[in-house]
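Be aware that the sequence shown starts at 26, since it is given in our numbering, and climbs by one per residue.
Every residue, glycine too, gets a C-beta built ideally from N, C-alpha and C.
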Amino acid sequence: MFRQGDIWTSWYAVLSGSLDVKVSETANHQVNQDAVTICTLGIDTALGESILDNTPRHTTIVSRETSELLRIEQREFKSLWEKYRQCMAGLLAPPYGAMETGSNNDNKDSLGSDPLNFMNNILNKVPSEKLQRGGKVMRNAILSRAPHMIRDRKYHLKTYRCLQCCVGTELVEWLVQQSTCVHTRSHAVGMWQVLLEEGVLNHVDQELGFQDKYLFYRFLDDEEEHTPLPSEEEKRESEEELPDTILFLTQMGPDALLRMILRKPPGQRTGDDLEIIYDELLHVKALSHLSNTVKRELASVLVFESHAKVGTVLFNQGEEGTSWYIIQKGSVNVVIYGKGVVCTLHEGDDFGKLALVTDSPRAASIVLREDNCHFLRVDKEDFNRILRDVEANTVRLKEHEQAVLVLEKSPRASSLGNIRYTVLSGTPEKILDHFLETMRMDTHHSDPNPAVDDFVLMHCVFMPNSQFCQLLMAHYHAVAPPGSEQERLEYAVTCKRRVLNLALRWAAVHTHHLQEEPAALIFLEELYGSVSNDSRILRALKDFVPDLEKVVKLHSEEAKVKKQKVLTQFSNGDEKLVKTQPIRNCDDILLKVYCSDHTYTTIRVAVAATGSEVTSAVANKLASNDDLLLVHLSSAGEKQMLKPNDVSVFSSLSINGRMFACPRDQLNALTPLPDQEGPSAGSMSSFELMSSKDLAYQMTLYDWELFSCVHEHELLYHTFGRQSFRRTTANLDLFLRRFNQVQLWVVTEVCLCGQLSKRVQLLKKFIKIAAHCREFKNLNSFFAIIMGMSNPAVSRLAQTWEKLPSKFKKFYAEFESMMDPSRNHRAYRLTVTKIEPPIIPFMPLLLKDMTFSHEGNKTFIDNMVNFEKMRVIANTIRAVRHCRSQPFNPEVCQPNKNHAEVRGYVRKLCVIDKQRTLTTFSYRLEPRRT
26 MFRQGDIWTS WYAVLSGSLD VKVSETANHQ VNQDAVTICT LGIDTALGES ILDNTPRHTT
86 IVSRETSELL RIEQREFKSL WEKYRQCMAG LLAPPYGAME TGSNNDNKDS LGSDPLNFMN
146 NILNKVPSEK LQRGGKVMRN AILSRAPHMI RDRKYHLKTY RCLQCCVGTE LVEWLVQQST
206 CVHTRSHAVG MWQVLLEEGV LNHVDQELGF QDKYLFYRFL DDEEEHTPLP SEEEKRESEE
266 ELPDTILFLT QMGPDALLRM ILRKPPGQRT GDDLEIIYDE LLHVKALSHL SNTVKRELAS
326 VLVFESHAKV GTVLFNQGEE GTSWYIIQKG SVNVVIYGKG VVCTLHEGDD FGKLALVTDS
386 PRAASIVLRE DNCHFLRVDK EDFNRILRDV EANTVRLKEH EQAVLVLEKS PRASSLGNIR
446 YTVLSGTPEK ILDHFLETMR MDTHHSDPNP AVDDFVLMHC VFMPNSQFCQ LLMAHYHAVA
506 PPGSEQERLE YAVTCKRRVL NLALRWAAVH THHLQEEPAA LIFLEELYGS VSNDSRILRA
566 LKDFVPDLEK VVKLHSEEAK VKKQKVLTQF SNGDEKLVKT QPIRNCDDIL LKVYCSDHTY
626 TTIRVAVAAT GSEVTSAVAN KLASNDDLLL VHLSSAGEKQ MLKPNDVSVF SSLSINGRMF
686 ACPRDQLNAL TPLPDQEGPS AGSMSSFELM SSKDLAYQMT LYDWELFSCV HEHELLYHTF
746 GRQSFRRTTA NLDLFLRRFN QVQLWVVTEV CLCGQLSKRV QLLKKFIKIA AHCREFKNLN
806 SFFAIIMGMS NPAVSRLAQT WEKLPSKFKK FYAEFESMMD PSRNHRAYRL TVTKIEPPII
866 PFMPLLLKDM TFSHEGNKTF IDNMVNFEKM RVIANTIRAV RHCRSQPFNP EVCQPNKNHA
926 EVRGYVRKLC VIDKQRTLTT FSYRLEPRRT
């Protein structure tokens, strides 16, 4: 992208992808034979400060992958710099920014370190006064609710007189009982650890870690003898503040717990400790390419290291490499002698590994860019041992000098005492061979087998069903090697039983998708015929005949019935009001496609129709010879050109979006339809008399219908690109659209409500509906409502929020805390672990997890399938399967007499999906305060 010595003309921030920063001593930029990669710039990093003084660039920048950058040209950037120098200093590396070594750091917290979100540090920085007040509130609440917990104690004949001690286990038990925000005992331990780190709570022997044991702790206020008890007024104030205090501590607790665990010597970490560290490592960007086994190894050796002051030097250029670092919090500058700061690294980035791998001196110095930076450190000895262990436990199978299967010895032996192997990578055929050869014969096809299930679920990514069926049939009819008649018979029976076991697992996962593939149905029928014949001679196969017969009959009969295509009408997203059956690839849809003059034509096309097939159908219907473009036109007038090979184009429409077809010369003339604007008046009069519980219940019924129609493979098609599979994700798209619709419904209703008192009632109504959605375990609509209330057009209505009763403000604050994105949405994940299925999950987060795993790891390594990646993605899909592992009971809430009216209302929500319009309405309701 840019070469060492170039004069830059723009400043950049990385929006997606990653860039390598290279330095060459000879400036031989054409071949880069001596270039050293000193770091990698990822998302939310910035580069190009030298445009302020036109100095040559000290490094070469090379893109590692497809990347998107935000660019500001030199003239505009200099103008911004002159006008906003004080605010922008935190965006730039020294010497231009405010973070020079030894500089005054008084303004650091107002600047932050993230070039795209430098206000984040302000939000996360909490003065210790708040924690001191939090400790006082907790102490007073205990003295009010459970005064027996704070008293003099005896332990080993020693009396802690007048010190008013608490017991660790009692503190944990009490905190878990106070709020549903406290998910587990370990969560409570982390919350008390927050107070311990601040000195608000102390261990009597000054130990630094809080423990859920019979150990003594006392509050800071009880350090002095004869500390007076809180007055009734202080108790009342503490009772009022307690929910907010607990909520605040729940947000800080997980980080404090992790710090406490990481400070333990590796040998003292428990199994639960290692699981917590491992869970954290799963979401660290720098480790995304490592196998789970390596991450577990790292969890046992990682050391926590923190530095308080900006300008601290972690290590100098030229020193021996002794450790590898991962930034857990904060940022550092990479400095090279004579060239200054060459880049900045942020949370999730790593550095120092190159010197360990090559056993060479450090290529640069690392200097803290801000106060209070936290690191995870792996020392050289542990680093090398893990590399040795990984290599020692790795088995490579080769054919013609080429690796075809890479296995890793499992740290745990199988129940039979044999060594177990995990597939890391391999060719599709060899991976299939491995799972067939290692399949246990004493298990039923319905028994859980995660390794085999991963293959069955993910094989469509690297092995289409046609190839899979062909290979399975070949294995079924495999010729036995030379041997006695008995040995050959046993070999044949074993091969056939393994194939049948795998085939039945495969049919159970693919369900109705098999009916859309003739090759799959032919395979099942052929396999059933072979088993029926063979079972007359080989009695060991008889057990499989009924199960296989049931599968074949089910799919054959349904395939015949469903040859009569289901017709679905679809124009603006609200026709699927009665949705009980999944939309299939082979179904047809009636689709309205508009012209530039706002006339429309209705065409009938397949659900999986491509963009070119839709334009061809439109051209035929209009008898047009023009080359038509297919355009998705949003209500804001934004035009998205659909590609000819885009699959199932109808399901990508936004809430109020419309499909247009026009010649290229009419593209600029396209304007939104009047009805795309959405409603001009709210519908509060329609639903204000409806019970909040009924509304939440009917929303949950509809969400469950949509969610239950989503096939697991649609998640794969969405992640890897449905064009690759030529498959629709219509059911998933409709479920995601529903989330956006509910979110916009909340914003629309509030912004169209002109009366202040009515708006306050609306907020209360939405908070009640959200509470009932959570009660019904409908986390999708729960999050949609809360995110709608946090939309800027709603959250800025200060007068409305001021009038909201404090009880509802506390409910909303608790709900909002579950949306906290820190530590990869830990608050939400902890909540889900406490809920039993059926659950309607927050689907956008699950898709984010899958996208993170997909984009952070290659699908193929050395021409072999990266099966470790397949396993990680399969785990996320298994979480969706768990949510649907129990049937939804529609009788959980008895419907009222107007349930039909409520049902019709929640299934046809009218919304404004144009943020600018919503913001305009918001300012009309409450103009900006001068």
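Around His500, the same chain offers Leu461, Cys520 and Val524 as residues with beta carbons nearer than 7 Å, after the five sequence neighbours per side are excluded. DSSP, read as helix, strand or coil, puts Gly73 in coil.
Nearest to Asp467 by C-alpha distance, out of Gly377, Ala532 and Ala565, is Ala565. Under DSSP, Ile794 takes part in no beta bridge, so it has no partner.
According to the DSSP assignment, Trp826 belongs to the alpha helix (DSSP H) that extends over Ala823 to Lys828.
For Ile456, the uninterrupted alpha helix (DSSP H) run begins and ends at Pro453 to Thr463, by DSSP.
Here His83 has Lys364 and Val367 as same chain residues with Cβ atoms under 6 Å from its own Cβ, once five neighbours each way along the sequence are excluded. Of Val61, Val420, Trp199 and Ala389, the smallest CA-CA separation from Ile175 is found for Trp199.
Contact check for Val403 against Leu323 passes: the beta carbons are separated by less than 8 Å.
Arg82 sits in coil when the DSSP states are folded into three classes, being neither helix nor strand. Under the three-state reduction of DSSP output, Asp177 falls in the strand class.
In the structure shown, Met715 falls within a coil segment according to DSSP collapsed to helix, strand and coil.
The residues Pro81 and Arg82, in chain order, have a CB closer than 8 Å to that of Asp31 in the same chain once the five nearest residues on each side in sequence are set aside. Less than 8 Å divides the Cβ of Val357 from the Cβ of Leu393. When the alpha-carbon of Glu330 is set against those of Leu307, Met285 and Gly296, the nearest one is in Met285.
Leaving aside the five residues that flank Ala899 on each side, the residues in its chain whose CB is nearer than 6 Å to its CB run, in chain order, Asp479, Leu482 and Met483. Each of Leu95, Asp719 and Ala60 was checked against the Cα of Ser43, and the nearest Cα belongs to Leu95.
Counting along the chain, Ala686 sits inside the beta strand (DSSP E) bounded by residues Arg683 to Pro688. With a beta-carbon spacing of about 6 Å, Tyr446 and Lys434 fall inside the 8 Å limit used to define contacts. Nearest to Met843 by C-alpha distance, out of Ser831, Arg799, Glu880 and Pro817, is Arg799. Inter-segment contact for the segment 822-840 and the segment 735-754 is absent: fewer than three beta-carbon pairs are separated by less than 8 Å. By the criterion of a C-beta distance shorter than 8 Å, Gln342 is surrounded in its chain by Val360, Ile361, Tyr362, Pro386, Arg387, Ala388, Ala389 and Ser390, once the five residues flanking it on both sides are discounted. The way I'd put it, the segment 304-324 doesn't touch the segment 248-266; fewer than three beta-carbon pairs between them come closer than 8 Å. If you draw a straight line from the Cα of Ser660 to the Cα of Val890, it comes to about 43 Å. For Gly363, no alpha helix (DSSP H) segment is defined, and its DSSP state is neither H nor E. When rounded, the separation of the alpha-carbon atoms in Asp384 and Leu66 is 23 Å. Taking the Cα of Val931 as reference, the smallest distance to any Cα among Arg941, Ser717 and Glu265 is reached at Ser717.
Distance from the CA atom of Ser560 to the CA atom of Glu551, rounded to whole angstroms, is 14 Å.
With fewer than 16 neighbouring CB atoms inside 10 Å of its own CB, Glu424 falls in the exposed class. In its chain, beyond the 5 residues on either side, Ile32 have a beta carbon closer than 8 Å to the beta carbon of Asn79. Taken in chain order, the complete alpha helix (DSSP H) segments of 4 residues or longer contained in the segment 846-922 are 847-858, 868-880 and 892-908. DSSP places Thr270 in the uninterrupted alpha helix (DSSP H) bounded by Glu257 to Arg288.
A contact between stretches requires three or more CB pairs, one per stretch, nearer than 8 Å, and the segment 679-698 meets this requirement with the segment 933-945. Partner residues in the beta bridge of Arg96, as assigned by DSSP, are Tyr37.
Between the alpha carbons of Leu196 and Gly215 lies a distance of about 12 Å. Close CB contacts of Gln768 within its chain, under the 6 Å cut and outside five residues either way in sequence, are with Ala809, Met812 and Gly813 (chain order).
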